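Numbering (this note's numbering), first residue to last: 311 to 705.
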C-alpha cells in the first residue's frame, strides 16, 4: 500500500511536470499561431461560425494530429458557453478571446495528447491485475496490489491534472470534469458518457467492496485497518452526486472508464468492463507522432472501406498530412517525394518504378499553377496508394 506522504510526494512531482509542460505549450502555441495562414483560419471561422481566434487554435490542434478542426472548435466553444452559463463570460474582444483560446488550447493538446497516452500505458499493467475478478475469493496480496496500483494512477497521475484544471475553469463542477476528461479518455460523446455514469458508479463501488471483503480475511494489522478505512471512505465519496464528488473520487472514476487491453482470454472482470477496450494497447497502429505515422495508420484503416467511401476518406486524410508538411516548410514536390518513400518503406511494398513515379510527379506539379498544386498532390498520392498498395483491392 502507498502511504499518504508517498502519494503526496508523487502528486507534487506530477503537478510540477504539468506546470512546466503547460508553460512550454503556451509559448509554443503563441509563437505558432502567428504563422497560421489567415485565409485558412478565416475559412474555418466562417464555416463553423466561431471567432477567428478559436479557428486559429483549432487549426494548430488539427495540424498536431490531436483531433479534427470541427471537434476542436466544438470543445473550445463548449467551454465558452459553460463560462457564460456560470457568469464567467470571456469578454468578446479579440485579445480576450485569443488568450482564452491559447490557454484552453493547451488543455486540449495535453488531455487529448500526452495525458491519455500516458494513462493508457499505466492502465496496461493494472488490467492484468484486474483480469478475472469475480468475487471476494481473490487473495489478500492481489487485492492490495490492485488497490495500490489504482491509487497510484488515480491520485498521483489523474488527480493533479484535474486539480489544475479546476483552478483554471472557474465554477466548474465535478461532473464538468468527468465529462471533459471522460470524453478524451473513452472517445464517447456526451450523451453516451452521461448514459453510462450510473452504471460506472455502481461497478466501481462494487469492485471496491469486493476488494474490501478480501482484506477482511487477513490477520488484523494496522496496514489492513488503514486500507479498509480508506476503501470505506472512497466508496462513500463515489456514491455522492456527480456534481459533488471529491477530487479523489473523480480521479478513481475516470480511471475506471479508461480503456483496458483486450486479452482475448474471455476473463475480463465484470466489475471493470464498461463497454470500452484499448484501441492502442495491442500496437496495431504506429506510434502517432509524425504526419507519416498518421498517413500509415489511415492507409491501413482505409482497407476496410470500398469505392468512393474509401477515396473520400483517404482524400481528407492525405490533405491533412500535406497541410502539416506544408506548414513545416516543405514544398509540394518535397512532400510528395517524402510521402511516396515513407509509404513504400513503412508498408513494405515493392514499387520498381518508384524513381520514375517521383520524377513524373515533380514534372506534373511544375506544370500547374500554385493554386492547383495542393489538389493535384492529394490526387497523385491517392492514385499511388490505390495502384501500388491496394492493387486489385482498389476497386
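Virtual Cβ for every residue (Gly too), placed ideally from N, Cα, C.
As the structure is a prediction and not an experimental result, all values here were calculated from the model.
Helix, strand or coil for residue i, going by three-state DSSP, please let me know.
i, result
"residue 597", "Low confidence applies to residue 597: its pLDDT is 47, below 50, so where it sits in the model is not reliable enough to give any reading."
"residue 399", "coil"
"residue 576", "The predicted model places residue 576 with a pLDDT of 43, which falls under 50 and marks its position as unreliable, so this point remains unresolved."
"residue 431", "helix"
"residue 663", "coil"
"residue 679", "coil"
"residue 696", "helix"
"residue 786", "Because the chain in this structure spans residues 311 to 705, residue 786 falls outside the shown range and cannot be described."
"residue 374", "coil"
"residue 688", "helix"
"residue 441", "coil"
"residue 536", "helix"
"residue 527", "coil"
"residue 404", "helix"
"residue 655", "helix"
"residue 586", "At residue 586, the pLDDT of 47 sits below 50, so the modelled position is not reliable; the number obtained from the coordinates is stated separately. Correct three-state label for residue 586: coil."
"residue 359", "coil"
"residue 365", "helix"
"residue 541", "helix"
"residue 591", "Here residue 591 scores only 39 on pLDDT, less than 50, and its place in the model is too uncertain to base an answer on."
"residue 353", "helix"
"residue 567", "coil"
"residue 672", "helix"
"residue 550", "coil"
Can residue i and residue j be called in contact, C-beta distance under 9 Å?
i, j, result
"residue 463", "residue 524", "no"
"residue 567", "residue 496", "yes"
"residue 383", "residue 365", "yes"
"residue 688", "residue 628", "yes"
"residue 570", "residue 433", "yes"
"residue 538", "residue 526", "yes"
"residue 697", "residue 671", "no"
"residue 613", "residue 552", "no"
"residue 375", "residue 601", "yes"
"residue 473", "residue 557", "yes"
"residue 652", "residue 606", "yes"
"residue 535", "residue 522", "no"
"residue 654", "residue 664", "yes"
Could you round the C-beta distance between residue i and residue j to whole angstroms and report it? I think they count as a contact, below 8 Å.
i, j, result
"residue 498", "residue 487", "Not confirmed; about 15 Å, so no contact."
"residue 370", "residue 346", "7 Å"
"residue 310", "residue 699", "The structure shown does not extend to residue 310, since the chain is modelled only from 311 through 705, so no value can be given for it."
"residue 324", "residue 398", "No, residue 324 and residue 398 are not in contact; Cβ-Cβ is about 27 Å, not under 8 Å."
"residue 424", "residue 459", "No, residue 424 and residue 459 are not in contact; Cβ-Cβ is about 21 Å, not under 8 Å."
"residue 675", "residue 646", "7 Å"
"residue 608", "residue 624", "7 Å"
"residue 630", "residue 338", "Actually they do not touch by this definition, with Cβ atoms about 20 Å apart."
"residue 410", "residue 396", "In fact, because the Cβ distance is near 15 Å, the residues do not count as touching under 8 Å."
Using only alpha-carbon positions, find the residue among the options that is nearest to residue i.
i, options, result
"residue 344", "637, 669 and 689", "637"
"residue 657", "537, 471, 396 and 695", "695"
"residue 418", "628, 534 and 335", "335"
"residue 386", "375, 359 and 397", "359"
"residue 649", "440, 433, 691 and 505", "691"
"residue 478", "412, 614, 559 and 647", "412"
"residue 388", "642, 670, 615 and 493", "493"
"residue 353", "368, 342 and 340", "368"
"residue 516", "331, 563 and 378", "563"
"residue 332", "414, 403, 391 and 381", "414"
"residue 489", "398, 631, 421 and 514", "421"
"residue 439", "491, 315, 456 and 430", "456"
"residue 454", "397, 514, 518 and 491", "518"
"residue 471", "491, 461 and 452", "491"
"residue 511", "625, 481 and 560", "560"
"residue 437", "522, 557 and 565", "565"
"residue 405", "375, 340, 380 and 505", "340"
"residue 685", "651, 632 and 701", "632"
"residue 381", "451, 500, 315 and 348", "500"
"residue 555", "469, 350 and 640", "469"
"residue 391", "378, 379 and 407", "407"
"residue 639", "540, 403 and 342", "342"
"residue 428", "328, 319 and 680", "328"
"residue 378", "626, 315, 550 and 620", "626"
"residue 660", "320, 701, 350 and 611", "701"
"residue 622", "506, 693 and 668", "693"
Taking 9 Å as the CB-CB limit, is residue i close to chain D?
i, result
"residue 626", "No chain D appears in this structure, which consists of one protein chain only."
Can you give, in chain order, each stretch of the alpha helix (DSSP H) that sits fully within the segment 444–523 and has at least 4 residues?
-> Runs found: 450–463, 469–478 and 484–496.
Every unbroken alpha helix (DSSP H) within the segment 311–347, with a cutoff of 4 residues, ordered by chain = Fully enclosed alpha helix (DSSP H) runs of 4 or longer: 314–342.
Scan the segment 616–649 and note each continuous alpha helix (DSSP H) run of 4 residues or more that stays entirely inside, going in chain order.
-> Scanning the segment 616–649 from its first residue to its last, the whole alpha helix (DSSP H) runs of 4-plus residues come out as 617–637.
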